[in-house]
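Read the structure below first, then the notes.
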Amino acid sequence: MSCILITGGARAGKSSYAQKLAADIDEKVLFVATAEARDEDMRLRIERHKKSRPLNWDTLESPSEVSKAINEKAGEYPVVVIDCITMLVSNIMLGASDEKSAESAVLKEIDSLINAMKAKSAAFILVSNEVGLGIVPDNELSRNYRDLLGRANQLLASYADEVYLLVAGIPVKVK
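The sequence shown stops at residue 541 when you use this note's numbering, and every number in between is there.
Encoded structure:
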């Protein structure tokens, strides 16, 4: 069992790098997708991502209950890619009734995800965005999202065996 966290900015090459690492480990891969096609741009992004994956990989769509999906399905695979934590946090936040319940639900899911990964023998490759490097967002929801994703990334990085920051398509090993 191992865990690799890949983080970085938008369009930095995180997903491509995760796919390369996964393919180098084994050909039998479970790809857990968290994005939902809420608009045309996102639908097109999802389609591009699907086309970039090897045809023999299995895909499981799980927008908000990744830990449950891992508990139910990951035992069959030597490699599991979760792409991405960024959308997982967003989906959970959007489904919550208020800020406090959103924070609680996100942190509970991240804790459950870590426990689910600990219980499996698969190699896990997680993709997440680093959204706290830019300007301070101008609204409370965006600031809360940035902060909560930052906390989720810290928890996952603490658990991970390796952490990579992707900068302009170049992986920089952080841990």
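Backbone N, C-alpha and C fix where the C-beta goes; we use that ideal spot for every residue, glycine too. Predicted, not measured: the structure shown is a model, and the values here were computed from it.
For residue 503 and residue 514, what's the separation of their Cα atoms in angstroms? In the sequence shown, counting from the first residue as 1, residue 503 sits at position 137. In the sequence shown, counting from the first residue as 1, residue 514 sits at position 148. For residue 503 and residue 514, the distance between alpha carbons rounds to 13 Å.
Indicate the three-state DSSP secondary structure (helix, strand or coil) for residue 465 in the structure shown. Translated into positions along the sequence shown, residue 465 becomes position 99. It is helical.
May I have the straight-line CA-CA distance separating residue 463 from residue 424, to the nearest angstrom? What you label residue 463 is simply residue 97 of the sequence shown in a count that begins at 1. What you label residue 424 is simply residue 58 of the sequence shown in a count that begins at 1. Distance between the alpha carbons of residue 463 and residue 424 is about 33 Å.
Taking the alpha carbon of residue 429 as the reference point, which residue from 402, 539, 469, 478 has its own alpha carbon closest? Looking up residue 429 in the sequence shown gives position 63. Residue 402 is the option with its Cα nearest to residue 429.
Is residue 518 near residue 476, with beta carbons less than 8 Å apart? In the sequence shown, counting from the first residue as 1, residue 518 sits at position 152. In the sequence shown, counting from the first residue as 1, residue 476 sits at position 110. A contact, by the Cβ cut-off of 8 Å.
Within 10 Å of its beta-carbon, does residue 527 have 16 or more other beta-carbons around it, so buried, or fewer, so exposed? On the sequence shown, position 161 is the one that residue 527 refers to. Exposed.
Please state the DSSP three-state secondary structure of residue 428. Here residue 428 is taken as the residue at index 62 of the sequence shown, counted from 1. Three-state DSSP puts residue 428 in coil, outside helix and strand.
Using the Cβ count rule (16 or more neighbours within 10 Å means buried), how would you classify residue 451? To locate residue 451, count along the sequence shown from 1; it is residue 85. Burial call: buried.
Using CA atoms only, rank isn't needed, just tell me which of 427, 493, 391, 508 is closest to residue 373. For the purposes of this step, residue 373 is taken as residue 7 along the sequence shown, with counting starting at 1. Ranking the options by Cα distance to residue 373, first place goes to 493.
With distances taken Cα to Cα, identify the nearest neighbour of residue 437 among 485, 471, 396. For the purposes of this step, residue 437 is identified with residue 71 of the sequence shown, where counting begins at 1. Considering only alpha carbons, the answer is 485.
Give the range of the alpha helix (DSSP H) segment to which residue 381 is assigned. As a first step, residue 381 is located in the sequence shown; it is residue number 15 there, counting from the start. That run of the alpha helix (DSSP H) goes 380-391.
Residue 436, DSSP secondary structure in three states: Translated into the one-based positions of the sequence shown, residue 436 becomes position 70. Three-state DSSP puts residue 436 in a helix.
Under DSSP, the beta strand (DSSP E) around residue 494 begins and ends at which residues? The residue given as residue 494 occupies position 128 in the sequence shown. From DSSP, the beta strand (DSSP E) with residue 494 extends over 489-495.
Inspect the beta-carbon positions of residue 384 and residue 491 and report whether they are closer than 8 Å. Taking the sequence shown and counting its residues from 1, one reaches residue 384 at position 18. Taking the sequence shown and counting its residues from 1, one reaches residue 491 at position 125. Yes, these two residues count as a Cβ contact at 8 Å.
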